[in-house]
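Per the numbering used here, the very first residue in the sequence shown carries number 8; after that it's consecutive. Each residue gets a CB set at the ideal place from its N, CA and C atoms; glycine is no exception.
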Amino acid sequence: MKDPKHFLWRVEGKVGVITFNRPERKNPLTFESYAELRDHFRALQELSPVKAIVITGAGGNFCSGGDVHEIIGPLTKMQPPQLLEFTRMTGDLVKAMRHCPQPVIAAVEGVCAGAGAILAMASDLRCAAPSAKVAFLFVRVGLAGCDMGACAMLPRIIGQGRASELLYTGRSMSADEGFSWGFFNRISDPVLDIAMQTARELAAGPTLAHAMTKTMLHQEWDVGIDEAIEMEAQAQAALMESKDFHRAYQAFAAKRKPAFEGD
Numbered sequence: 008m009k010d011p012k013h014f015l016w017r018v019e020g021k022v023g024v025i026t027f028n029r030p031e032r033k034n035p036l037t038f039e040s041y042a043e044l045r046d047h048f049r050a051l052q053e054l055s056p057v058k059a060i061v062i063t064g065a066g067g068n069f070c071s072g073g074d075v076h077e078i079i080g081p082l083t084k085m086q087p088p089q090l091l092e093f094t095r096m097t098g099d100l101v102k103a104m105r106h107c108p109q110p111v112i113a114a115v116e117g118v119c120a121g122a123g124a125i126l127a128m129a130s131d132l133r134c135a136a137p138s139a140k141v142a143f144l145f146v147r148v149g150l151a152g153c154d155m156g157a158c159a160m161l162p163r164i165i166g167q168g169r170a171s172e173l174l175y176t177g178r179s180m181s182a183d184e185g186f187s188w189g190f191f192n193r194i195s196d197p198v199l200d201i202a203m204q205t206a207r208e209l210a211a212g213p214t215l216a217h218a219m220t221k222t223m224l225h226q227e228w229d230v231g232i233d234e235a236i237e238m239e240a241q242a243q244a245a246l247m248e249s250k251d252f253h254r255a256y257q258a259f260a261a262k263r264k265p266a267f268e269g270d
């Protein structure tokens, strides 16, 4: 995997860490960083040594969304085909996050706005610092809340009414509010510590099974209960053939902790 140019990437053991690194401007995104993030998450589908991902931001903020001068301004001068190419590209970033097998954990502090809020939403788990403020700001620039899958995903996380309020008003959701609504899984300071701890725990677990859980969580949004039960029956039966499943039984029988290897 190539070293990215528009964000930081490091691997600690089995955990990969993405850090947005434009702290002087609260870590905004550009055309280039959107595309590079999309390609990075696609490449993670083949990066087997990395078993969990943490996303964070430098300088006390997560991500302020699309850069006003480097994205919003140029968009006002584009023709319809270019605009659709851009919106599809940003949506492809969310698709890449949802399709990579590793659990993605967002460590959110400070500003988490616009596309930054979308990236937190698209993660599998979200941890917040007390300073976290999440805002889906699209309405403030005359755009709809239906951006990068927000109208599909956010209601499933916090409920239709709460999602509607955030998407219509563009107001900020505090860390405490986000936790009580189920957007955040934990609040901790420093937030990166708890996110890394969670990632290490997941990476030490049955990662083949985690990948299947992520796949089923994604695919079962679009099916009825009967079909979902059949999908899960087939998925679980396949995992019962895995070495990790047999290791777990042998460890249980021997009264010791299993050592999962993701196969």
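Beta-bridge pairing of residue i - partner residues as DSSP gives them
{"i": "VAL198", "result": "VAL198 pairs with nothing; no bridge assigned."}
{"i": "ILE112", "result": "VAL61, LEU132"}
{"i": "VAL148", "result": "For VAL148, which the question treats as bridged, DSSP gives no partner whatsoever."}
{"i": "ARG17", "result": "VAL24"}
{"i": "ARG193", "result": "CYS134"}
{"i": "CYS107", "result": "None; CYS107 has no bridge partner."}
DSSP three-state assignment for residue i, whether helix, strand or coil
{"i": "LYS250", "result": "helix"}
{"i": "LEU36", "result": "strand"}
{"i": "THR94", "result": "helix"}
{"i": "ARG207", "result": "helix"}
{"i": "VAL24", "result": "strand"}
{"i": "ALA255", "result": "helix"}
{"i": "ALA124", "result": "helix"}
{"i": "VAL118", "result": "strand"}
{"i": "GLY168", "result": "helix"}
Run of the alpha helix (DSSP H) containing residue i, from where it starts to where it stops
{"i": "CYS158", "result": "157-165"}
{"i": "MET223", "result": "214-226"}
{"i": "ALA182", "result": "182-188"}
Whole-angstrom distance between residue j and residue i, CA atom to CA atom
{"i": "GLY269", "j": "ASP251", "result": "6 angstroms"}
{"i": "LYS221", "j": "ARG29", "result": "30 angstroms"}
{"i": "VAL141", "j": "ASN34", "result": "14 angstroms"}
{"i": "GLY73", "j": "ASP200", "result": "27 angstroms"}
{"i": "GLU31", "j": "VAL75", "result": "14 angstroms"}
{"i": "LYS264", "j": "ARG178", "result": "46 angstroms"}
{"i": "GLY7", "j": "PHE259", "result": "As displayed, the chain neither begins before 8 nor continues past 270, which places residue 7 out of reach and without an answer."}
{"i": "PRO11", "j": "VAL24", "result": "12 angstroms"}
{"i": "GLU43", "j": "THR214", "result": "25 angstroms"}
{"i": "VAL198", "j": "ILE62", "result": "11 angstroms"}
{"i": "ILE112", "j": "LYS84", "result": "35 angstroms"}
{"i": "LEU90", "j": "MET96", "result": "10 angstroms"}
{"i": "ALA244", "j": "GLY212", "result": "19 angstroms"}
{"i": "ALA242", "j": "VAL230", "result": "15 angstroms"}
{"i": "ALA216", "j": "GLN86", "result": "45 angstroms"}
Start and end residues, beta strand (DSSP E) containing residue i
{"i": "ALA59", "result": "59-64"}
{"i": "VAL141", "result": "140-142"}
CB of residue i within 8 angstroms of CB of residue j, strictly
{"i": "ALA202", "j": "PRO137", "result": "no"}
{"i": "VAL22", "j": "ALA266", "result": "no"}
{"i": "PRO162", "j": "ALA170", "result": "yes"}
{"i": "ILE78", "j": "PHE14", "result": "no"}
{"i": "ALA127", "j": "ARG49", "result": "no"}
{"i": "GLU248", "j": "MET238", "result": "no"}
{"i": "LEU132", "j": "PRO108", "result": "no"}
{"i": "ALA135", "j": "GLY80", "result": "no"}
{"i": "GLY6", "j": "GLY98", "result": "Examination of residue 6 is not possible in this model, given that the chain is present from 8 through 270 alone."}
{"i": "ALA120", "j": "LEU144", "result": "yes"}
{"i": "ALA218", "j": "ALA59", "result": "no"}
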